[in-house]
């Protein structure tokens, strides 16, 4: 006798790696769909940081967010990385991530 699995079901296979990161950086969403976490991150913060970075992955999939070594691009507008405090809550891509992850 066979059985049938009926959607909806969800599976998240986002690769997550724990690595050495500079002080103050908890995590990063990469263009390839992976997330890196600071290996020294307090385990109680991991779920929240992962959820935050997943918002950024979604933003990249939608085409709203992109980045290179010098700039971050949000909905067609260029933001110089040299002139911003990365991770600041007032940056539009960060505002969305902070709003969605409480």
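In our numbering, the protein residues as written are 6 to 107. All C-beta atoms in this analysis are idealised placements derived from N, C-alpha and C, irrespective of residue type, glycine included. On a predicted model such as this, the values are computed, not experimentally measured, just so you know.
Buried versus exposed, by CB contacts within 10 Å (16 or more), residue i
i	result
residue 4	The displayed coordinates of the chain run from 6 to 107. Any statement about residue 4 would go beyond what the structure contains.
residue 32	buried
residue 27	exposed
residue 34	buried
residue 9	exposed
residue 59	buried
Among the options, the one whose alpha carbon lies nearest that of residue i
i	options	result
residue 18	37, 46 and 32	37
residue 106	45, 51 and 79	51
residue 41	21, 88 and 77	21
residue 39	78, 66 and 15	66
residue 64	24, 98 and 23	98
residue 74	58, 60, 91 and 59	91
Local conformation of residue i per DSSP, three classes
i	result
residue 62	helix
residue 105	helix
residue 93	coil
residue 100	helix
residue 54	helix
residue 15	coil
DSSP bridge partner residues for residue i (one or two, in chain order)
i	result
residue 77	72 and 84
residue 42	23 and 32
Beta-carbon separation (whole angstroms), residue i vs residue j, contact threshold 8 Å
i	j	result
residue 44	residue 24	6 Å
residue 76	residue 85	6 Å
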